[in-house]
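According to our numbering, the sequence shown is numbered sequentially starting from -5. Note that the Cβ used here is the ideal one computed from N, Cα and C, for glycine as well. Treat the numbers as computed from the prediction; the structure is a model and nothing was measured. Have a look at the structure below, then the notes.
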Amino acid sequence: MKTISLVILLFLSFCGCEKDDICIDPITPDFIIRFRDILDASKTKATSNLQIKNIDIDSIYRENIDTTDSITIPLNVNQTSSTYVLSINSTDTNLINSDTLTINYSLETVFVGRACGFKTVFNTVVISLTADSDNWIKSIIPSNSPLNVTTQTEAHVEILH
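Shown next, in the form of structure tokens:
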């Protein structure tokens, strides 16, 4: 009788187990920018000593990025816009060239699952470049229209320089 009771008790304890909640889905996506050559948009083109400054929090996000043809930047989930200054040749004060990008969007909170909770996606994204006398960014091409940032699998915009 003890054996049967023990087997029933073990069976019931295993029946009460739930599957493991592991978050395998992506979190709130970053904004992916790919750099391309203005003379041949089919070719990627690395930047020279790129510095990324987040104006919203007055902080350098990344600096001295060399030999890269793409970057990821986080968008602000507490506001409907993010502003970044992208500077090339950031290690030489005589050659530094800075351009300001303002990214406007609407926010949508999406429930991913019990393990992950919620993530924010960015809809109807519009990127604007502040014009100056010496923009190194010549053109901004969104990957889709309207541009929605829901994943981190491919570039969201291409910057020609």
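Separation of residue j from residue i, as counted between CA atoms
i: R30; j: N129; result: 15 Å
i: S122; j: N43; result: 22 Å
i: V104; j: V115; result: 7 Å
i: I21; j: Q146; result: 9 Å
i: A149; j: I16; result: 27 Å
i: S76; j: R56; result: 15 Å
i: D24; j: N88; result: 32 Å
i: E102; j: L95; result: 22 Å
i: S92; j: L80; result: 6 Å
i: R108; j: I18; result: 11 Å
i: T124; j: I97; result: 11 Å
Residue(s) in a DSSP beta bridge with residue i
i: D93; result: L80
i: E148; result: Its beta-bridge partners do not exist; DSSP assigns none.
i: T103; result: T114
i: I153; result: F29 and I134
i: N98; result: S75 and V120
Residue i classed as buried or exposed, judged by whether at least 16 other C-beta atoms fall within 10 angstroms
i: Q73; result: exposed
i: I27; result: buried
i: N138; result: exposed
i: L33; result: exposed
i: N142; result: buried
i: S53; result: exposed
i: T41; result: buried
i: K37; result: exposed
i: V120; result: exposed
Supposed close pair residue i, residue j - CB separation, criterion 8 Å
i: V151; j: I131; result: Not a contact, Cβ separation roughly 11 Å.
Enumerate, from N- to C-terminal direction, the unbroken beta strand (DSSP E) stretches of 3 or more residues contained entirely within the stretch 105 to 142.
-> 111 to 123 and 133 to 136
Which runs of the beta strand (DSSP E) fall wholly inside the stretch 22 to 77 and span at least 3 residues, in chain order?
-> 25 to 30, 44 to 48, 53 to 59 and 64 to 67
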